[in-house]
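Colleague: Numbering-wise, the sequence shown is residues 3 to 162 according to the numbering used here.
Below is a structure I'd like to ask you about.
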Amino acid sequence: MIDAHGTRSAGVVLDAVLDLEAGQLVGLDVAHGNGMLATRVPLDEIETIEPRVVRLRDVRTATRVEPRDWGEHTLSTSDVFGLLVLSDEGEDLGRIRDVNLRTDDLAILSYEIQGRLKRLTPDHVLAGSRDALIVQSQALARPATTPWWRPQPLPFLRRA
């Protein structure tokens, strides 16, 4: 992670932070200096996220919030993977295996549920915490193996 005014390092990204109820990436956990003390940088203070570099808007005016002050429904991805998913009726639906984000606004598209080969969309989430993600009973969407798009024939593969 570097600041917007040059190549000065502002720290190393340790993890991403998700708001389970809002269905959105909301920040990054960043280690500064020796890597022992981590703080969370809100998404609105980040200018760009690239494959190997995250640029901040302005390191000098950035506010840092301790991870414990972000609320119970915000979790780092390391806490989200393996999180128990329960229906509102108490049924064990599995555990979160992966989270899919939309690249333009970093909204959560879906949670992949281990053991069921299903995707769960954020609009079915009722509550989320460190203990479990609570979802509507009818929440499990299409199987993860089903494409979200309809394949189109390629023009150069047309048969005569």
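Virtual Cβ for every residue (Gly too), placed ideally from N, Cα, C.
As the structure is a prediction and not an experimental result, all values here were calculated from the model.
1) Just to confirm the assignment, what range does the beta strand (DSSP E) spanning T50 have?
2) What residues match up with R97 in a beta bridge as DSSP calls it?
3) Would you identify the three-state DSSP class for S11, choosing helix, strand or coil?
4) Would you call the segment 87-96 and the segment 116-135 touching, i.e. three or more CB-CB distances under 8 Å?
5) Leaving out five residues on either side along the sequence, give the residues of the same chain with a beta carbon under 8 Å from the beta carbon of L20.
6) Do you know offhand how far E49's Cα is from R121's?
7) Do V87 and A24 have their beta-carbon atoms positioned less than 8 Å apart in this structure?
8) Whose CA, out of D125, L30 and V43, lies closest to the CA of Q138?
9) Can you tell me the Cα-Cα spacing of L108 and D31, whole angstroms?
10) Using a 10 Å radius around the Cβ and a threshold of 16 neighbouring Cβ atoms, would you call G92 buried or exposed?
11) Short of 6 Å in beta carbon distance, which residues of its chain neighbour A129, apart from the five on each side in sequence? Order them along the chain.
12) Per DSSP, which one or two residues make a beta bridge with L27?
13) Between D60 and A40, what straight-line distance do the alpha-carbon atoms span, to the nearest angstrom?
14) Just grab the DSSP bridge partners of T123 for me.
15) Taking S112 and T123 to be in contact with their CB atoms under 8 Å, please state how far apart those CB atoms are, rounded to whole angstroms.
16) Hey, quick one: how far does the beta strand (DSSP E) through V56 stretch, first residue to last?
17) According to DSSP, is T41 part of a helix, a strand, or is it coil?
Modeller: Considering the structure as presented:
1) Numbered from its first residue, the sequence shown carries residue 50 at position 48. T50 -> beta strand (DSSP E) spans I48 to I51.
2) Translated into the one-based positions of the sequence shown, residue 97 becomes position 95. Looking at the DSSP assignment, R97 forms a beta bridge with L86 and Q116.
3) The residue given as residue 11 occupies position 9 in the sequence shown. Residue state, collapsed to three classes: strand.
4) yes
5) The residue given as residue 20 occupies position 18 in the sequence shown. Q26, L27, V28, T76, L77, S78, T79, V82, V101 and I110, listed in sequence order.
6) Numbered from 1 along the sequence shown, position 47 holds the residue referred to as residue 49. Numbered from 1 along the sequence shown, position 119 holds the residue referred to as residue 121. Answer to the nearest angstrom: the Cα atoms are 30 Å apart.
7) Residue mapping note: residue 24 aligns to position 22 of the sequence shown, counting from 1. Residue mapping note: residue 87 aligns to position 85 of the sequence shown, counting from 1. Contact: no.
8) Here residue 138 is taken as the residue at index 136 of the sequence shown, counted from 1. For the residues D125, L30 and V43, the minimum Cα distance to Q138 belongs to D125.
9) Taking the first residue of the sequence shown as 1, we reach residue 108 at position 106. Taking the first residue of the sequence shown as 1, we reach residue 31 at position 29. Roughly 16 Å between the two C-alpha positions.
10) The residue you call residue 92 lines up with position 90 of the sequence shown. When all chains shown are included, G92 counts as exposed.
11) Residue numbering aside, residue 129 sits at position 127 when the sequence shown is read from its first letter. Excluding sequence neighbours, A129 sits near I136.
12) Position 25 of the sequence shown, counting from 1, holds the residue named residue 27. L27 pairs with L20.
13) Residue numbering aside, residue 60 sits at position 58 when the sequence shown is read from its first letter. Residue numbering aside, residue 40 sits at position 38 when the sequence shown is read from its first letter. So the alpha carbons of these two residues sit roughly 18 Å apart.
14) Residue 123 sits at position 121 when you count from the first residue of the sequence shown. In DSSP, T123 forms no bridge with anything.
15) Within the sequence shown, the letter at position 110 stands for residue 112. Within the sequence shown, the letter at position 121 stands for residue 123. Confirmed, Cβ separation roughly 5 Å.
16) Reading the sequence shown from its first residue, position 54 is the one you call residue 56. Unbroken beta strand (DSSP E) run through V56: V56 to L58.
17) Indexing the sequence shown from 1 puts residue 41 at position 39. Note: T41 maps to strand in three-state DSSP.
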